[in-house]
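Peer 1: After the structure tokens below, expect a handful of questions from me.
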Amino acid sequence: MLKVDLHSHSTVSDGLLAPRQLVRYAAQQGVAVLALTDHDDVAGLTEAQDEASEQGIHFVTGTEISVTWRRRTIHIVGLRIDPGNEALKAGLARLRESRHERARRIAAELDKIGIRGSLEGALGYASEHIISRSHFARFLIEQGHAADMRSVFKRYLIKGKPGYVEHTWAELHEALEWIHGAGGVAVIAHPGRYDLGSTLMQELFTEFTELGGRAVEVVSGSHSPDEFGRFADLAKRFGLLASRGSDYHGPGHSYVDMGRLAALPASCTPVWHDWHEVLEAAA
Ligand code: AMP
Ligand code: MN
Ligand code: MN
Ligand code: MN
Numbered sequence: 017m018l019k020v021d022l023h024s025h026s027t028v029s030d031g032l033l034a035p036r037q038l039v040r041y042a043a044q045q046g047v048a049v050l051a052l053t054d055h056d057d058v059a060g061l062t063e064a065q066d067e068a069s070e071q072g073i074h075f076v077t078g079t080e081i082s083v084t085w086r087r088r089t090i091h092i093v094g095l096r097i098d099p100g101n102e103a104l105k106a107g108l109a110r111l112r113e114s115r116h117e118r119a120r121r122i123a124a125e126l127d128k129i130g131i132r133g134s135l136e137g138a139l140g141y142a143s144e145h146i147i148s149r150s151h152f153a154r155f156l157i158e159q160g161h162a163a164d165m166r167s168v169f170k171r172y173l174i175k176g177k178p179g180y181v182e183h184t185w186a187e188l189h190e191a192l193e194w195i196h197g198a199g200g201v202a203v204i205a206h207p208g209r210y211d212l213g214s215t216l217m218q219e220l221f222t223e224f225t226e227l228g229g230r231a232v233e234v235v236s237g238s239h240s241p242d243e244f245g246r247f248a249d250l251a252k253r254f255g256l257l258a259s260r261g262s263d264y265h266g267p268g269h270s271y272v273d274m275g276r277l278a279a280l281p282a283s284c285t286p287v288w289h290d291w292h293e294v295l296e297a298a299a
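According to our numbering, the residues represented by the sequence shown are 17 to 299, in order.
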């Protein structure tokens with residue numbers, strides 16, 4: 017079957033593998049079509065593209081944009097974007113910049129519970145591009161405050177916990193404008209991860225569709241098989257195409273290994289259904 021993985025992270029954001037390493041690993045795992053979708057950045061795409069050509073796999077440009085919608089954080093993946101697009105670059109730069117101010121507030125909150133030096137510690141794990149909660153998580157684990165990623169988020173970094181701070185990301189319409197302006201396709205990332213009841217979920221799908229969004233991740237590393245079915249149905253109801261992505265962050269930091277993702281349910285129209293060069297690459 018066509019091995020397509022349209023959601024992954026490198027060291028440019030919070031992945032553990034550098035862009036080239038990530039692509040090599042994907043090729044080794046039998047992935048035929050890979051998108052790199054670093055949080056709020058496109059800095060790894062050129063290297064990843066070069067390595068993909070060397071490995072003989074098809075590369076899709078991407079990014080995963082942090083969005084605040086109804087006071088909640090959601091993620092919108094942009095695929096087949098032009099990484100040189102000025103408005104997209106400026107929008108993402110604004111989000112990356114705001115991450116520094118947010119990181120200082122996270123560190124100040126952790127200070128209050130006696131955890132010192134977390135900003136410097138987290139920066140030690142980050143690339144020059146992005147500082148994220150994942151980097152705080154690695155510092156907290158290293159300092160012995162938690163055993164693994166799952167428990168460190170649960171104890172310190174999610175809403176209601178001592179190291180969580182509110183933050184305002186891009187607006188939904190901005191994210192879609194940036195993606196569309198750069199010639200890309202907008203995809204709702206891992207909807208199963210959002211704390212939305214069915215009414216709000218439908219409102220999100222409605223707004224996203226009205227803004228020209230085209231697809232939703234039906235099969236995601238962070239979805240259960242039940243959720244594959246649930247989001248396949250919702251996709252159909254809203255006339256959205258279906259995407260498939262592991263959300264791979266590196267060995268030991270991922271819900272699912274590269275190349276191990278389930279197939280899209282048969283009822284779905286894949287987001288790549290009319291990407292002729294992709295279909296050819298995989299034929
Ligand atoms: P940020 O964009 O800085 O808020 O960081 C979000 C990132 O943290 C996500 O992209 C995941 O990689 C990671 N993350 C969020 N929640 C969890 C969780 N419960 N367990 C493990 N990793 C998580
Ligand atoms: Mn991440
Ligand atoms: Mn995400
Ligand atoms: Mn992701």
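Yeah, the Cβ is synthetic: ideal placement off N, Cα and C, and Gly gets one too. Every value quoted in this text rests on a predicted model; they were computed, and no experiment measured them.
Just verifying my parser: in three-state terms, what is the DSSP assignment at A123?
Peer 2: Residue state, collapsed to three classes: helix.
Peer 1: Whole alpha helix (DSSP H) runs in the segment 196 to 263 with 4 or more residues, listed along the chain?
Peer 2: With a minimum length of 4 residues, the continuous alpha helix (DSSP H) runs that stay inside the segment 196 to 263 are 214 to 226, 241 to 254.
Peer 1: Cβ atoms of E63 and P35: under 8 Å apart, would you say?
Peer 2: Yes, these two residues count as a Cβ contact at 8 Å.
Peer 1: Given a threshold of 16 other Cβ atoms within 10 Å of its Cβ, counted over all protein chains shown, does A106 qualify as buried or as exposed?
Peer 2: Per the 10 Å Cβ criterion, exposed.
Peer 1: To the nearest angstrom, how far is it from the Cα of R120 to the Cα of L257?
Peer 2: Their backbone Cα atoms lie some 39 Å apart in a straight line.
Peer 1: Given 7 Å as the limit, tell me if H145 has its C-beta closer than that to any heavy atom belonging to ligand 4.
Peer 2: False, no ligand heavy atom lies under 7 Å from that Cβ.
Peer 1: Is there contact between the segment 85 to 105 and the segment 209 to 221, where contact requires at least three CB pairs shorter than 8 Å?
Peer 2: Short answer: they touch.
Peer 1: Quick one, which of F152, R132, G133 has its alpha-carbon nearest Y141's?
Peer 2: Minimum Cα distance to Y141 is reached at F152.
Peer 1: Taking 7 Å as the limit, name every residue whose beta carbon sits nearer than that to some heavy atom of ligand 4, in sequence order.
Peer 2: This criterion selects H23, H25, T53, H55, E80, H91, A205, D263.
Peer 1: List, from N- to C-terminal side, the alpha helix (DSSP H) runs of 4 residues or more that fit wholly inside the segment 79 to 158.
Peer 2: Counting only runs of 4 or more, we get 102 to 128, 134 to 141, 149 to 158.
Peer 1: Can you tell me whether D57 is buried or exposed, with buried defined as 16 or more other CB within 10 angstroms of its CB?
Peer 2: Buried, by the Cβ-count rule.
Peer 1: On the DSSP bridge assignment, give the partners of A51 in chain order.
Peer 2: V76, per the DSSP bridge assignment.
Peer 1: Less than 8 Å between the C-beta atoms of S240 and H206, yes or no?
Peer 2: Cβ atoms of S240 and H206: not closer than 8 Å.
Peer 1: Return the first residue and the last residue of the alpha helix (DSSP H) that Y41 is part of.
Peer 2: Counting along the chain, the alpha helix (DSSP H) containing Y41 begins and ends at 35 to 44.
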